[in-house]
């Protein structure tokens, strides 16, 4: 988003909405959301002593590999660790054998602990991602807070539809159409101004 704003390609609410809808359809967030059900099922099996951990580790690594820039992979790991630390502080620790999970796997563990299943699992993930992007846009575009809330509300139906579709999808059969996003990730550290660290 920061690259698009700097280039003048996200100058208002309409452009932002179009970009968010496109990302929900073919961005990395869709691939991650599609993986949540499998991650949660494998974590449940592992918690019950039926294996599962090797599959979680493999899928977690595969999802990280979808992020082209090392900075984004580090960010995904850091976000996962922060969520896992919060869960541990709340008395819902992930056993040490699974430490190091990135954001999607940590999110799946949180949802498992809180008994959130599909399609609410995928919808919450997508809703949170959109909310974070809109929050950033309020500072970057600039976009007023009320416009941001209107946009979040306008996207609620799209988010619910994508969640329903993605819960039945195999993430390995989806594609990430974010070639430009991959290039932007690699250029992020050199941006003039940015909200998020590289």
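In the numbering used here, the protein residues as written are 2 to 199.
Here a beta-carbon is modelled for each residue, glycine too, at the ideal position from N, C-alpha and C.
Let me know if residue 116 comes out buried or exposed under the rule of 16 or more other beta-carbons within 10 Å of its beta-carbon. The residue in question, residue 116, is exposed, as its Cβ has fewer than 16 Cβ neighbours within 10 Å.
By how many angstroms is the C-alpha of residue 79 removed from the C-alpha of residue 177? The alpha-carbon atoms of residue 177 and residue 79 are separated by roughly 22 Å.
Is it the case that the Cβ atoms of residue 29 and residue 67 are separated by a distance below 7 Å? Here residue 29 is near residue 67, since their CB atoms are less than 7 Å apart.
Residue from 165, 16, 17 and 39 with nearest C-alpha to residue 112: Residue 39 is the option with its Cα nearest to residue 112.
Taking Cβ positions, are residue 93 and residue 114 nearer each other than 7 Å? The answer is yes: Cβ separation under 7 Å.
Under 8 Å by Cβ, that's how I've got residue 104 and residue 88 pegged, so tell me the actual separation to the nearest angstrom. About 13 Å separates the two Cβ atoms, so there is no contact after all.
Assuming residue 108 contacts residue 37 (C-beta within less than 8 Å), just tell me the rounded distance between them. About 7 Å separates the Cβ atoms of residue 108 and residue 37, confirming a contact at the 8 Å cut-off.
Please report the distance separating the alpha-carbon of residue 97 from that of residue 72. Taking the straight line joining both Cα atoms gives about 25 Å.
In this structure, does DSSP put residue 118 in helix, strand or coil? Here DSSP, grouped into helix, strand and coil, assigns residue 118 to coil.
Could you pull the start and end residues of the alpha helix (DSSP H) that residue 83 belongs to? For residue 83, the enclosing alpha helix (DSSP H) stretches over residues 71 to 90.
On the premise that residue 18 lies in contact with residue 152, defined as a C-beta separation below 8 Å, what is that separation, rounded to the nearest angstrom? Confirmed, Cβ separation roughly 6 Å.
Mind checking whether residue 25 and residue 163 have CB atoms under 7 Å apart? Result yes, Cβ atoms of residue 25 and residue 163 sit closer than 7 Å.
Identify whether residue 7 lies in helix, strand or coil by the three-state DSSP scheme. Residue 7: helix per DSSP, three-state reduction.
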